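These notes concern the structure reproduced below.
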Amino acid sequence: MSALGRVVRAGLGRRRLQTTVMVLTTLIAVTASVLAAGVLVASRAPFDRAMTERAGAHLTAWFDDRRTTASQLAATERATGVSAAAGPFRTLSATPRTDSDVGGIPPGTTLPELTVAGRAETGGAVDRLDLVSGRWAARPGEIVLAAGEDPFAPGDRLTFPDLPGAPAFTVVGLARSVTGTAGAWTTPAQAETLADGYGRSGYAMHYRLRSADTDAQLAAGRAAVAAAAPEGALTGTRTHLAVRQEQLANALAFVPFVAAFGVLGLAMSVLIIGIVVSGSVGSATRRIGILKSLGFTPSQVVRAYVAQALAPAAIGCALGVALGNVFAGPVLGGVEDVYGGAPAGVPWWVNGAAPAVALALVALAALIPALRAGRLRPVEAMTAGRTPAAGRGRWARRLTGRLPLPRPVGLGLAGPFARPARSATTAAAVAFAAVTVTFAVGLGLTLGDIQERRMLDAAAPVVVETGRGPGGGPPGARAVPAPGQRAGTPADPADVEAALRAEPATGRFYGAASAAVRASGIPGRTPVVAYDGDASWAAPELVSGRWLDGAGQAVVTQRFLDAAGAEVGDTLTLTEKGRGTTVRIVGEAFFTEDHGMLLLTGTDTLRALGLDTGPHRFYAQPAPGTSAADYLTALREAVDGTGAVAHDNGGNASSVIAAMNALIGMLTLMLVAVAGLGVLNTVVLDTRDRVHDLGVFKALGMTPRQTLVMVLTSVTAVGLLAGAVGVPAGVALHHHVTPLMGSAVGMHLPDAFVAVYGPVLLSLLVVGALAIAVGGALLPAGWAARTDTARALRTE
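Laid out in structure tokens, this is it:
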């Protein structure tokens, strides 16, 4: 080993604490960076690759066949901004029913509605399909299904009772469209025959656009297509960005907050490594002088101290890459499976770029104090002591000496002014920890609100199931009995309502009916929840607008608004069974049930469409003073005999939110631990530098307890200042990042989910910053208190 290598190894061996701190700082920084960048790139890569390889549709558009013809739609491929088009394909919306046992699904089971398209082949200029199994439909009576979670296989049989003649089909293949342009395909001739006289048919066109990277560009493309088609013919569209967001929402929701932790980790890594190397240079000036007197050049000294930072940082980087990949696994689980690829993982270049950036920042942070070491002259370095220069902080000591404070407290308050640069870096480390803790606490509270309110009617503690099937559902749909309810015995809503009113412990309640209708601008059927009674007390949290308070109103989510191309205040046309009505969107709410694509309205809307308005559920709240458990027991007895079943409204916890909370907690603990170790390191350096002063104080009668108070007081002011700066910065970071998390899943977060900090919590967070500073100083303060006077005086 070279002489330089021995110096580096010796320096690392002497400063084991500082080495540990540098390993941990780079570990957390690289872990968060690999996780954030890896999830962002790896989650999007399979979709983007599939879009390129299969010429996925940037825009899928559906048209009303009563307002346009196939030849008119074919001409839209020349619309402004369109680079390629496929279609028109005849489409039908129909509800299948199993005609044989399908993977455990018994014959006669009604399945969700499908959009069936007439298509001659899997290829084409746009939306080339991937035939997963079997073959393509070639003759009447054959159908190809979209590959998904349903256990279908070639040879299975389906019937479509609502299509003319109730035709039966044999599944001959399974195919995959990257943007989900249809749920099933049959031959064009078969589709044309079935569409003749059928009231729920239309056309579909698939477009690729010259510019399709943003929502604005896609909106421009949609407008151009609508202008090229006959007026009013366009009924709905779906973009590739919306599809990608639906499929990757859970993974992408991790990215904003993990990226924030990565930036905090990198900043803290640079800061603390700079502190460590600077402290190492300051405490080893005599050793530097000896090395130079033995022939070490300034360049070798600089390289030695930079290497002493890079060696532990490299270990931290290696561990961080491994840990980041481990954490990325569950987040990315199943992403590639959507497209039939291998399980997703962090790309190799992210595994290389993240540690490379971290090491470059570490080298830069270490270079500045290392250059100072290289410039030291041998004689100056060998004769330098560790006691601060005379006069440093004397004014602060004189000032605190005049205050009515115990002398150890006054000396502690004046301590930071002896080495203001070191004190400032200590304060910065604690401030970063305060930012991290404040940010993490805010995220936890926001995610808790989301967990609690993400499902509709979650504020109602008790649910009464009537066992009635959703109104307006597909023909032949079977009512699904509630847990504990016998099949085929639906309750009369009037009887259930009477039982609720008669129960003395009932505080308030309302009913909810379900239906599936067609909404303008939304392809396929739109699920509807229609409220009977005052549901405002359990309504979802509103982002904008107001809750339902009259007839002909609706509340939807941002996802729904984006899909429909609408805004709060616009009207939607709802149609079903040959009847139509309009509703005005009066509010935007936050909920994730049914992917946020539910339309909330009153029962008057279902009545206008000729649908059954009888509630299939009632949501109830006990009167004040009655526990939910006691009320549930009483209500079960009250509804006994009506055919309804009462149960508690719970069990909807999200595993994704639980995983987020676990990751936030782990990253926060790591960053706080690093900050505490950084404080520990700086206080150790400061205590060693002032060991002669400690000896003098002890010789003059300072007790170990007074020494402990003096050292801890020196970091108290630093901790309070860091908390006063770090806590507001953490609040600002939280207010910036949480809306980005909502945007990642296509939702706006309500203000109540973001404004989670109260005065008491903010005060506790400032105290927490003080606790981090004091906790980091406890060990060196104890060492200073135990050091005997003679040893302290001899050390200098």
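The C-terminal position of the sequence shown is numbered 811 in the numbering used here, with every residue numbered one higher than the one before it. Even for Gly, the Cβ is constructed at its ideal location relative to N, Cα and C. Note that the structure is predicted; figures quoted are calculated from it, not measured.
Q) Where does P370 land, buried or exposed, given buried means 16+ other C-beta within 10 angstroms? A) buried
- Item | Beta-carbon contacts of A569 that lie in its chain and below 8 Å, excluding the five residues immediately before and after | L563, L587, V598, R599, I600, V601, L614, L615, T616 and T620.
Between which two residues does the beta strand (DSSP E) carrying D547 extend? T541 to D547
### Message
On the criterion of 16 or more Cβ atoms from any shown chain inside 10 Å, does I383 qualify as buried, or is it exposed?
### Response
exposed
Please classify A244: does DSSP put it in a helix, a strand, or coil?
-> coil
key: Where R105 sits in the DSSP three-state scheme   = strand
Check: By how many angstroms is the C-alpha of V746 removed from the C-alpha of V450?
Finding: 8 Å
Boundaries (first-last residue) of the alpha helix (DSSP H) holding I120:
Neither: I120 is in no alpha helix (DSSP H) and is coded neither H nor E.
### The alpha helix (DSSP H) enclosing G741, as first and last residue numbers
Membership of G741 in the alpha helix (DSSP H) is indicated by the continuous run P719 to A759.
- Look up V141 in the DSSP assignment and say whether it is helix, strand or coil. Here V141 sits in coil by DSSP.
Go ahead and label S284 buried or exposed: buried means 16 or more other beta carbons lie within 10 angstroms of its beta carbon, across all protein chains shown.
-> buried
Counting pairs of Cβ atoms below 8 Å between the segment 457-470 and the segment 790-804, do you hit three or more?
-> With the cut-off at 8 Å, the segment 457-470 and the segment 790-804 do not touch.
**Asked** Should A404 go down as buried or exposed, given a rule of 16 or more other Cβ atoms within 10 Å for buried?
**Response** At A404, the pLDDT of 49 sits below 50, so the modelled position is not reliable and the matter cannot be decided from this model.
- request: Return helix, strand or coil for R134, following the three-state DSSP convention.
  value: coil
CA nearest to the CA of L794, picked from L748, G691, V752 and G757: G691
Checklist entry - Okay, do the segment 507-516 and the segment 716-732 touch, 3+ Cβ pairs below 8 Å being the bar? => result no
Next item on the list: Apply the 10 Å Cβ neighbour rule to P435 and answer buried if 16 or more other Cβ atoms are within range, or exposed otherwise.
Entry: exposed
If you count every other CB in all the chains shown that lies within 10 Å of the CB of W363, and 16 or more means buried, which is it?
exposed
| Nearest-angstrom beta carbon gap, L785 and T697 [assumed within contact, 8 Å] | The beta-carbon distance between T697 and L785, rounded to whole angstroms, is 16 Å. This is too long to meet the 8 Å contact definition.
Review point. Quick one: Cα of V711 to Cα of Q721, how far?
Key: Between V711 and Q721, the C-alpha separation is close to 13 Å.
- Ignoring anything shorter than 4 residues or poking outside the segment 39-115, list the alpha helix (DSSP H) runs there in chain order. 85-89
Following the continuous alpha helix (DSSP H) through H631, name the residue where it begins and the one where it ends.
Premise fails: H631 is in no alpha helix (DSSP H) and is neither H nor E.
Cβ pair V687, A444 closer than 7 Å = no
### Query
Alpha carbon to alpha carbon, how far is A380 from I288?
7 Å
In the DSSP assignment, the alpha helix (DSSP H) including R574 goes from what residue to what residue? Q573 to A579
**Study point:** Close beta carbons around L224, own chain, < 8 Å, minus the five adjacent residues each side
**Key:** Contacts found: H73, L74, G96, V97, S98, Q232, L233 and G236.
Starting from the C-beta of A162, find all residues in its chain whose C-beta is less than 7 Å away, skip the five residues before and the five after it, and write them out in chain order.
V147, L189, A190 and R191
**Asked** Quick one: complete beta strand (DSSP E) runs, 3+ long, within the segment 646-699?
**Response** Whole beta strand (DSSP E) segments, 3+ residues: 660-663.
Practice item. State the DSSP-derived secondary structure class of I787, mapped to helix, strand or coil. Key: helix
Any chance the segment 588-597 sits against the segment 527-545, with 3 or more Cβ pairs inside 8 Å? yes
**Asked** What separation, rounded to the nearest whole angstrom, lies between the Cα atoms of T572 and V49?
**Response** Taking the straight line joining both Cα atoms gives about 33 Å.
State buried or exposed for A551, treating a residue as buried only when at least 16 other CB atoms are found within 10 Å of its CB.
-> This sequence places Ser at residue 551; Ala is not what is there. When all chains shown are included, S551 counts as exposed.
query: Hey, out of E92, A545 and V258, whose CA is closest to A528's CA?
result: Comparing Cα-Cα distances from A528 to each of E92, A545 and V258, the minimum goes to A545.
Quick one: residues in its chain with C-beta nearer than 8 Å to the C-beta of R93, no 5 flanking neighbours on either side, listed in chain order? Setting aside the 5 residues that flank it on each side, R93 is surrounded in the same chain by A243, each with a C-beta closer than 8 Å to its C-beta; the list follows chain order.
With DSSP as the reference, label A554 as helix, strand or coil. In this structure, A554 counts as coil in the three-state DSSP scheme.
Return the chain-ordered list of same chain residues with a C-beta closer than 6 Å to the C-beta of R70, the five sequence neighbours on each side being excluded.
-> For the sequence presented, residue 70 should be read as Ala rather than Arg. Contacts found: V141 and R143.
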